[in-house]
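This report refers to the structure that appears directly beneath it.
Protein chains: 2
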Amino acid sequence: VAGVSAESVIGVDLGGSKVLAGALSSDLTVHHRAQRPTRVRDQAELVDVIVATVEEARSGSDVEITGVGFGIPCTIDQVRGVAVMAVNLPISDMPFRDVMSERLGLPVFIDNDGNAAALAEQRFGAARGAPDVVMLTIGTGIGGGIILDGNLCRGGRGSGAEVGHVVIDMDGPPCQGACPNRGCLETMASGTALMREAREAGLRAPGSALGRALAAGRPLTGAHVTELAHDGDEPAREVLELLGRRLGVGIASFVNLFAPSHVVVGGGVMAAGDLLLDPAREVVAERALRPAKDMVEIVPAAFGPEAGMVGAAALALDGLARQAARA
Amino acid sequence: VAGVSAESVIGVDLGGSKVLAGALSSDLTVHHRAQRPTRVRDQAELVDVIVATVEEARSGSDVEITGVGFGIPCTIDQVRGVAVMAVNLPISDMPFRDVMSERLGLPVFIDNDGNAAALAEQRFGAARGAPDVVMLTIGTGIGGGIILDGNLCRGGRGSGAEVGHVVIDMDGPPCQGACPNRGCLETMASGTALMREAREAGLRAPGSALGRALAAGRPLTGAHVTELAHDGDEPAREVLELLGRRLGVGIASFVNLFAPSHVVVGGGVMAAGDLLLDPAREVVAERALRPAKDMVEIVPAAFGPEAGMVGAAALALDGLARQAARA
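Residue numbers (the working numbering), protein chains in the order written: chain F, 1 to 327; chain U, 1001 to 1327.
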């Protein structure tokens, strides 16, 4: 397309409840968004829903689309382009890259959603242009990704860095979902841990706002605990501080391993902002090694719910650039 | 040199008590070794000792030497080629690469000794040719390195992966030396931890061989505890099992992060062999994620005391190949 300098791709964030596709240019202009629910019966129906969503984003935008990136909540075999195992979607050992490339007639690039979010922050967000970045996305679980020397650190067969499943307390509580471990960062510092600790703190302090909310039978959400903490409720603040300190123990291990310039923290729990990050920063200052601990900034993510879509677009832009460099 | 196809370099293992230099070809033939003590007054004297040792290895071998690699027990700034901070040597913010290159008149490549040992095992040893490898060297402390996609993972400014300073027990004992952390893998599973746990086990079981050795005032060494365990002394075996299980917790975190095909374990403590590695393997099978845990082999290092020298030579061979590719 003459006169258009920025390349345009579609970034697709595939989630357990919905698929979000955006046609983006490399300057992050979003030309069109499309979204559909992913409550489907089986893998075949899921593929149809994804294809329809991507086609809608493509036809709705007036730029030429040269590739499609997917962030998938799934372990990935990058060598074969296979989506191996997902917890919340009917995907199992699916040749995702080839299937989508065939259906869409475009080059397709896939990665897990944590890696996509890390790429979004490192290319366009809170750690823009930094070579060494650790990203943690804290929601029900803890996902994320590691970028070293500008490249996603995918590990053996590209199966992805499970940053939430690093142990911080070997005798801690059992981890969540399919993880057979104990005391992983995920089970100690995720939104699920926040709820667990908030219930216990509320029971210990029945007169506090947190305790009264609990006694009233209101379902405690992370947003609610955070709101109470922002309003000055002491037990709610202590819960966030406890979680933040545990997060800091995990981040200190990452700092000692990777000496990143930035640790970016995103996900729903980051509504707590510095109530969570300040204790984490204190622990890293106390516990990590020099000179790495003096070089790292622990910062909130720039992207919220669109991190996955932006990161998936970045995956496609990256992949196309690599293909062009090889040609 | 006509007729010689293998490139030859000098690998230098710089330690707190001695410097060992070997002239090696890329097929691992050692043409000449030289060694000198490193008990020196200051940095200037240390430089002279190193230069003399390298020159001896060079003049003693009859092949052309094209580069020198150094493994240094030190944090390294790869960008500037600076040896930043060493615990056991009079080195501090020293422009090591430039100083040695100037003195020796050869291309010089430096890295910390843990990274050099990892490279030795991945290029020539127990994980030969494997792209994704984690190496742990267990002695007084725990060092090592991480190789991803065939390249050493050096992190920000190349300051090195401190694999021993990943927390496995956030409320565990204070770590060793200059590390301000608690419950690091190093303080839980190093040779120092082995001694600590053996003393306690000996006191609890005064009638055992371990208890009697302790009561006799014989200085307990790791080698001695290992010998008692090999002879079937139950408390000594339990100490090694405890250490091996803690090691497994740390390895499970690395498996979840990097999905390596090999975790290579070396250092003096590996005299215990499978008495240490079998419990570690069990814990990884219990606690790490699929599919990564099914892909990993936990194996003893192939190189003993010469790992550092071989790895330093591999550093030089790698560096020269990279320079040739660029030219």
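Each residue gets a CB set at the ideal place from its N, CA and C atoms; glycine is no exception.
Query, Result
"Contacting residues, own chain, Cβ-Cβ under 6 Å from residue 1097/U (five flanking each side not counted)", "1081, 1108 and 1110"
"CB contact check: residue 1168/U to chain F, cutoff 8 Å", "yes"
"Any C-beta of chain U under 8 Å from that of residue 212/F", "no"
"Residue-chain proximity (residue 322/F, chain U), Cβ-Cβ < 8 Å", "no"
"Coarse secondary structure for residue 1003/U, derived from DSSP in three states", "Its pLDDT being 38, under 50, residue 1003/U is placed unreliably by the model, and the measurement read from it follows with that caveat. Three-state result, residue 1003/U: coil."
"Rounded distance between the beta-carbons of residue 1006/U and residue 1027/U, thought under 8 Å", "5 Å"
"Identified DSSP bridge partners for residue 1151/U", "1148/U"
"Per DSSP, the bridge partner or partners of residue 1035/U", "1020/U"
"With 16 other Cβ atoms within 10 Å as the buried cut-off, status of residue 190/F", "buried"
"Assigned exposure category for residue 269/F - 16 Cβ within 10 Å defines buried", "buried"
"Cross-chain neighbours of residue 1342/U in chain F, by beta carbon under 7 Å", "In the structure as shown, chain U begins at 1001 and stops at 1327. Residue 1342/U is therefore absent and cannot be evaluated."
"8 Å Cβ cutoff, residue 1074/U in contact with chain F", "no"
"One or two residues paired with residue 218/F in a DSSP bridge", "Residue 218/F pairs with nothing; no bridge assigned."
"Where residue 132/F meets chain U, residues with beta-carbon distance less than 7 Å", "1155 and 1156"
"Residue environment, residue 1003/U, which counts as buried when at least 16 other CB atoms sit within 10 Å", "With a pLDDT of only 38 at residue 1003/U, under 50, the local geometry of the prediction cannot be trusted, and the value read off the model is given with reservation. So residue 1003/U ends up on the exposed side."
"Proximity of residue 1149/U and residue 1258/U at Cβ, strictly below 8 Å", "no"
"N- and C-terminal bounds of the alpha helix (DSSP H) containing residue 1270/U", "From DSSP, residue 1270/U is part of no alpha helix (DSSP H); its letter is neither H nor E."
"First and last residue of the uninterrupted alpha helix (DSSP H) at residue 70/F", "It is not in any alpha helix (DSSP H) - residue 70/F instead sits in the beta strand (DSSP E) that spans 65-72."
"Whole-number beta carbon distance between residue 120/F and residue 331/F, since they are thought to touch under 8 Å", "The question about residue 331/F has no answer here: the residues shown for chain F are numbered 1 through 327."
"Continuous alpha helix (DSSP H) assignments of at least 4 residues falling wholly in the region 1155-1243 of chain U", "1185-1189, 1191-1204, 1209-1215 and 1222-1230"
"Cα-Cα separation between residue 146/F and residue 281/F, rounded to whole angstroms", "19 Å"
"Cβ separation of residue 1071/U and residue 1267/U, assumed to be a contact under 8 Å, to the nearest whole Å", "That pair is no contact at about 14 Å."
"8 Å Cβ cutoff, residue 152/F in contact with chain U", "no"
"Close beta carbons around residue 1001/U, own chain, < 6 Å, minus the five adjacent residues each side", "Per-residue confidence for residue 1001/U stands at a pLDDT of 38, beneath the threshold of 50, marking its modelled position as unreliable; the derived number appears in the next sentence. Closer than 6 Å at the Cβ level, and outside the excluded window around residue 1001/U, lie 1064."
"Residue 1045/U - containing beta strand (DSSP E), residue span", "Looking at the DSSP string, residue 1045/U is not in any beta strand (DSSP E); the run it does join, the alpha helix (DSSP H), is 1043-1060."
"Min CB distance residue 1148/U to chain F below 8 Å", "yes"
"Secondary structure of residue 11/F, DSSP reduced to three states", "strand"
"Against chain U: residues of the region 44-66 of chain F by CB proximity under 8 Å", "none"
"Beta-carbon neighbours of residue 1084/U, restricted to chain F and to distances below 8 Å", "291"
"Minimum Cβ-Cβ distance from residue 1115/U to chain B less than 8 Å", "The chain inventory of the structure shown lacks chain B, comprising the protein chains F and U."
"Three-way DSSP call (helix, strand, coil) for residue 124/F in this model", "helix"
"For residue 181/F and residue 167/F, believed in contact at Cβ under 8 Å, the rounded distance", "6 Å"
"Whole-Å CB distance - residue 151/F paired with residue 1165/U, under 8 Å assumed", "Actually they are not in contact, since the Cβ atoms of residue 151/F and residue 1165/U sit about 24 Å apart, beyond 8 Å."
"Cβ pair count under 8 Å reaching 3, the region 296-303 of chain F against the region 126-142 of chain F", "yes"
"Spatially closest choice to residue 1022/U from 1213/U, 1011/U, 1245/U and 1175/U, by CA coordinates", "1011/U"
"Any chain U beta carbon closer than 8 Å to residue 88/F", "no"
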